[in-house]
Amino acid sequence: MADLKNAPVPDAETLVDIYRRMIRIERNDDAIRKTVRLGRLTMPYYSARGQEVIPSTISALLNKEDQICTIYRGIHDMVAKDMPLRPLWAEIAGRIDGTCKGKGGPMHLTHPESGVMVTTGVVGSSMPIANGLAWAAKLDGSKRVAIAYFGDGASNIGAFHESLNLASLWKLPVIFVCQNNGFAEHTRYENATSVDFISKRAAGYAMPGFTVDGNDPVAMYAAAHTAIARARDGEGPTLLECKTFRFFGHVLGDDDFYMTKEEKAAAMADDPLPKFRAKLIADGHATEDRLAKMQADIEAEIADAQEFGLNSPFPSADELRRDIFAEEIPA
Amino acid sequence: MADLKNAPVPDAETLVDIYRRMIRIERNDDAIRKTVRLGRLTMPYYSARGQEVIPSTISALLNKEDQICTIYRGIHDMVAKDMPLRPLWAEIAGRIDGTCKGKGGPMHLTHPESGVMVTTGVVGSSMPIANGLAWAAKLDGSKRVAIAYFGDGASNIGAFHESLNLASLWKLPVIFVCQNNGFAEHTRYENATSVDFISKRAAGYAMPGFTVDGNDPVAMYAAAHTAIARARDGEGPTLLECKTFRFFGHVLGDDDFYMTKEEKAAAMADDPLPKFRAKLIADGHATEDRLAKMQADIEAEIADAQEFGLNSPFPSADELRRDIFAEEIPA
Amino acid sequence: MSEMVKMNGLQAINAAMFEAMEADPKVLVLGEDIADREGGGVTGTMRGLSTKFGDHRVCTTPISEQAIIGAAIGVAINGYKPVAEIMLMNFTTVAMDMIFNHAAKLRFMSGGQTSVPLTIRTLTGAGWQTAGQHADHLEGWFAHAAGIKVVCPSNPADYKGLLLSCIQDPDPCLFVETGGTLFVPGEVAVDQGPIPLGKARIVQEGTDVTIISYSTMMLRCQAALAGLAEAGISAELIDLRTISPWDKQAVLDSAAKTGRVVIVHEAVRNFGPGAEIAATINEELYGQLKGPVRRLGGPYSPVPFSKPLEDAFLVTPEQIVEAVKGLMG
Amino acid sequence: MSEMVKMNGLQAINAAMFEAMEADPKVLVLGEDIADREGGGVTGTMRGLSTKFGDHRVCTTPISEQAIIGAAIGVAINGYKPVAEIMLMNFTTVAMDMIFNHAAKLRFMSGGQTSVPLTIRTLTGAGWQTAGQHADHLEGWFAHAAGIKVVCPSNPADYKGLLLSCIQDPDPCLFVETGGTLFVPGEVAVDQGPIPLGKARIVQEGTDVTIISYSTMMLRCQAALAGLAEAGISAELIDLRTISPWDKQAVLDSAAKTGRVVIVHEAVRNFGPGAEIAATINEELYGQLKGPVRRLGGPYSPVPFSKPLEDAFLVTPEQIVEAVKGLMG
Ligand SMILES: Cc1ncc(C[n+]2csc(CCOP(=O)(O)OP(=O)(O)O)c2C)c(N)n1
Ligand SMILES: Cc1ncc(C[n+]2csc(CCOP(=O)(O)OP(=O)(O)O)c2C)c(N)n1
Ligand SMILES: [Mg+2]
Ligand SMILES: [Mg+2]
């Protein structure tokens, strides 16, 4: 089975690209949180602040046509996958110019052009569908891979088991990426999960499984590269458990009573974003100027997207009869 | 974690008791098959002929108040658990004197007095409910254990995963007994199960898991004893994968085209029943006479039960309004 | 009349749970996030229970809905009275085998030997922009399933009284909480006891038209009453409270009296619960009605995210008034 | 008229599958036991497909209904047309999240960007003494779910034509096979092509009463026709064929003509599909009917095992005749 010892190390440009994705996620998340708090967005918001490294590193290894299936806490996965921000903002604002015409909202953002195929609000349900995306890749004779993103809590639901078994059996080009942030809503990992490492479950499907520091781009790169290469080479699926932390609780407004102040503070102090930025500069991979310029460009992109989204018109009530089926439902 | 090295060996009387249960299962199965073939029973019948050792050995280690949750292929599990045969026969004949007044039939035989709490026709569904039986045992402060019987095919469904995780987390006194007969309906083990040994999945729940020869009473005894002792001692659940074979296909009438003649013949030649009988005598644990007498008594019990069952009256149509709820549904 | 206190549905549920657990040591609670460590449930309705009654009676579970209902069934068969939470009604779909094929059927399939005194609490309802997978009203599915009762409270007193009844009931009950009603305060008798299942409540008597509803739509029906009164229409408003078994007698008596019926629910109109009620009224009161039984319900669509669409998805008080006026002809 | 051949439903399904797979390389099959190695499905309807089209297009799966429908959804989103089998309708409960929350809703929730051209084949029906967990008619649940079509054939020609349409349909379809109809031979045109979804079939024209049914109960309605003719009653018999969307126009036209309606299905009567049809007829044809719309369906009970009980569970031709006579007054 695969191991990570000989996995490649990301070069400077890849590292900068990972950082670019991370900062785009973080700036966008910040803008969304501010807008929600101002009451200008009225959705429930599941921030993934703190989890940027995982999809940023994976996406740096993906092609545009590779596909992902993600969850309610998934906007970081989409932004990492280069989803354009204008239709994203219009969607979370419930507008007609949204990716889903405002019908899906933040929990169901979809953008096939960027490879964002399904976003689900049901825990565990990204995995069975990602198998199907991977099956199509295989039938197409392509080298495409599919990513199933899900949380640690989702690793305890039946769909996880059925999906990993089928993927292994059919050698599907899918990577099961568990973003283990230590909590499922308010429930601590150890109060819901009987095993110390979710990656140990992979052995039950004769599948390689790795636990990696999901806040470390180099470790993530090694694991993701190995898994993606395996998938592209027709060797089948991999389970990646990526340890991380969410800074803004389960849903915006959640007051974090279920964790200790110390663990929260420690996690925040370990924020991967400034750490990685500092390291990029220290290692000479990027200059302060380059990163500042990058950030300014991203902020401009976000400001434009926000402006666009919040000014797009709402859909008309007729939309309730459209997209149920291919044909419109008669009034 | 538990291992089987120091597990106890069954004494002579226990071995004879296991044999008694086995022959009661086999004689009863034979009688049912004959009666079905004569058209005097009209049910679908899932014979467990060949799988006698598993529940016989386990039941020799259980008390009356221990509880089981089994499946459509489960009459052997019930007979092993000393379920009386008269109401069993009346039930499979659909009569009012059946355990379930004829309403449940062979796939839903229930007899709480014998500890047969639930029989399900849905693959995998014995496990979540067995957890609840075990939870009650724990809440009662009793030493009772619960057994979940299921097949190899069932180990691929979501309920398996959820159940094992919860049982391990809550340290429930439940034993997950997978009767791995190598086939799920017509599908071979390896075409549905990604891992070579189902017992390997136990590690994913920090639970001990063993693969044993389910046709060998001594091996079964060691594993079952270990698992049951663990459960009674409050140490939590165990997964037992018991390898066996079913001699009459998935459902009576099934023509076995999906297996090779050779493997079928080899399995039949390895029939645990005559082998064990011969060994009991050879080892001096029982005389030919004793076993013959035992068999004759059992045959008489079965003949009586059959007579009783097939002559019991059918339920009246009013029964469609009873037992939906505690109160009768008004006509 | 006994002393009244003001509380909302959340508090009423919490009060019912405390009373039920105190009165009967067999009452248990299980579900995601429900111990105090986790906040006593996402809406806080189970708050205080684990601290008071212990972690063995109030158990936070993994996200494993099949395991939740399975454990509840097994423990119930052994004489316990579990109150299991499925966080949202849409997630009953992952536990549907356990609920429908097992909980609802075990009494029958065992010929009455086993029973499953299980209460499943769940939450639903549109209006919170939670979109397509968090707001469906599926009570009609469960009403179509023999062996499980379906209870849909609309106000704090009913939340308390009906929950107490569900817990005491010897059979499985689905107890449907709605975001639209849980936060609305109301008067509850300090000694509010169990309210019988299967009995509707006449909220307002009237002679011209019978309006039948339950859950959140009750509030919209109540909001429509002023408009109807203004128009000189005397409306009788019935809160079904229990969808299965539903109170046929109360409904038929009222419909026979007024001769006009409007049924209002949030569930999708097509093949929804209103169809059964309408079909029954038409069948039983053939020739005695003054107009067709009207049904108002959700359009044939998933619940949309966008606020204006979500608003359009829900029946409004104005539409209820319109429907009644249409009947008055 | 084209040449006819005699075949049963099993053969008709098999023929449809061969044609669909030959015509379109995007058509796939998945389910338990469905490759030839396993016998081409428990009823043999998929026989020959894996041999002819290969194991990559015809895939036997583990017993993992969520994974089956999930894989089918994912592949469908990418332009394939999977035909997924859920062996029995009762097992749709373990895949209900995938079917209801995902397959049915993805087109809407994605604003039309993705579609799920998935056909789910499943089998059900009482009469085989398979008891409480193997015979339920749950089509009413799916009809209440926006975004999935529900198709219930009753004869070989419809099995073929409707299955071809389901496979070609750009949206998810639930195709319900029944033990009571699959084995009954009938005439099928050699060139039988797709039969449009949503269109009922008038099986017999008549002027006194409209009988509406589908699936196995169609055969019992047909068996009732002789008795009705004998009694001098001219019955119009409608096979709905598609339950959702159902053919309102055909039903209303017929009901308006005859003024009397009896609806017959095997599904439990309470909150069953017949309620929607009855409620709609009453609403649309208020004042034009000559009697109440009658509904015959399963009692409020799980399906029983015992033969006499199972017989009593099912509506009989005699009961249909009785119901019609009752309406004739
Ligand atoms: C089947 C199901 N059960 C319950 C929920 C409610 N719920 C939403 S998110 C969540 C926690 C999930 O935790 P995890 O998988 O760790 O992901 P995270 O939110 O931490 O990213 C729960 C219980 C749901 N959406 N689906
Ligand atoms: C959820 C579900 N899916 C499919 C079936 C149909 N079915 C009945 S038995 C069976 C095979 C089960 O195989 P296994 O678990 O190995 O048990 P065995 O029959 O070999 O004892 C299948 C697929 C079912 N009963 N339940
Ligand atoms: Mg988490
Ligand atoms: Mg097997």
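If you read the protein sequences in the order shown, they are chains R, Y, B and W. Numbering-wise (the numbering used here), the first sequence opens with residue 217 and increments by one. Numbering-wise (the numbering used here), the second sequence opens with residue 217 and increments by one. Numbering-wise (the numbering used here), the third sequence opens with residue 16 and increments by one. Numbering-wise (the numbering used here), the fourth sequence opens with residue 16 and increments by one. Where is the CB? At the ideal position from N, CA and C, for every residue including glycine.
query	result
Near ligand 2: Met10 (chain W) beta-carbon under 8 angstroms from a heavy atom	Nothing can be reported for residue 10 (chain W), as the shown portion of chain W is limited to 16 through 344.
Ala447 (chain Y) beta carbon near ligand 2 (any heavy atom closer than 8 angstroms)	no
Limits of the unbroken beta strand (DSSP E) element including Arg136 (chain B)	Thr134 to Thr139
Asn397 (chain Y) beta carbon near ligand 4 (any heavy atom closer than 8 angstroms)	yes
Closest by C-alpha distance to Gly287 (chain B), when choosing among B:Ile258, B:Gly195, B:Gln303 and B:Gly221	B:Ile258
Neighbour flag for His466 (chain R) against chain W, beta carbons, 9 angstroms	no
Per DSSP, cross-strand counterpart(s) of Asp112 (chain W)	Bridge partners of Asp112 (chain W): none, in fact.
Contact set for Ile234 (chain R): own chain, Cβ-Cβ below 6 angstroms, skip 5 residues either direction	Ser272, Thr273, Ala276 and Pro433
heavy atom of ligand 1 below 8 angstroms from Gly147 (chain B) C-beta	no
Partners in chain R for Gly54 (chain B), counting only beta-carbon separations shorter than 7 angstroms	His402, Phe473 and Tyr474
Asp48 (chain B) Cβ short of 8 angstroms to ligand 3 heavy atom set	no
Ala353 (chain Y) in three-state terms, based on DSSP	helix
Residues near Asn297 (chain W) in its chain [Cβ-Cβ closer than 7 angstroms; skip 5 each side]	Val308
Proximity test, Asp268 (chain B) beta-carbon vs ligand 2 heavy atom, cut-off 8 angstroms	no
Same chain only: Cβ atoms within 7 angstroms of Lys317 (chain Y), ignoring 5 sequence neighbours per side	Pro531 and Glu535
Distance CB(Asp186 (chain B))-CB(Gly147 (chain B)) smaller than 9 angstroms	no
Residue environment, Ser371 (chain Y), which counts as buried when at least 16 other CB atoms sit within 10 Å	buried
Near ligand 3: Ala38 (chain B) beta-carbon under 8 angstroms from a heavy atom	no
C-alpha distance - Gln128 (chain W) paired with Ala118 (chain W), whole-angstrom precision	14 angstroms
Beta-bridge pairing of Leu455 (chain R) - partner residues as DSSP gives them	R:Phe392 and R:Gly425
Rounded C-alpha distance that separates Ala246 (chain W) from Ser230 (chain W)	25 angstroms
Assigned secondary structure, Lys272 (chain B) (DSSP; H/G/I helix, E/B strand, else coil)	helix
CB contact below 9 angstroms: Pro389 (chain R) versus chain B	no
Cβ of Ser4 (chain W) within 9 angstroms of any chain Y Cβ	Past the boundaries of the shown model lies residue 4 (chain W); chain W is included only from 16 to 344, so the question cannot be answered.
Buried/exposed call for Asp471 (chain Y), threshold 16 Cβ in 10 Å	exposed
Heavy atom of ligand 3 within 8 angstroms of Asp348 (chain R) beta-carbon	In the sequence as displayed, the identity of residue 348 (chain R) is Gly instead of Asp. No, Cβ of Gly348 (chain R) sits at least 8 angstroms from all heavy atoms of ligand 3.
DSSP beta-bridge partners of Val224 (chain W)	W:Ala250
DSSP three-state assignment for Glu543 (chain R), whether helix, strand or coil	coil
DSSP-derived helix/strand/coil call for Tyr229 (chain B)	coil
Counterpart residues of Met19 (chain W) in DSSP-defined beta bridges	W:Ala204
Beta carbon proximity, Met259 (chain R) to chain B, threshold 9 angstroms	yes
Test: Tyr95 (chain B) CB closer than 9 angstroms to a CB of chain Y	yes
Alpha-carbon spacing of Thr75 (chain B) relative to Pro389 (chain Y), whole angstroms	18 angstroms
Segment limits, beta strand (DSSP E) that includes Lys8 (chain B)	Because chain B here runs from 16 to 344, residue 8 (chain B) falls outside it and cannot be looked at.
Segment limits, beta strand (DSSP E) that includes Leu43 (chain B)	Val42 to Gly46
Span separating the alpha-carbon of Ala241 (chain B) from that of Ala150 (chain B)	28 angstroms
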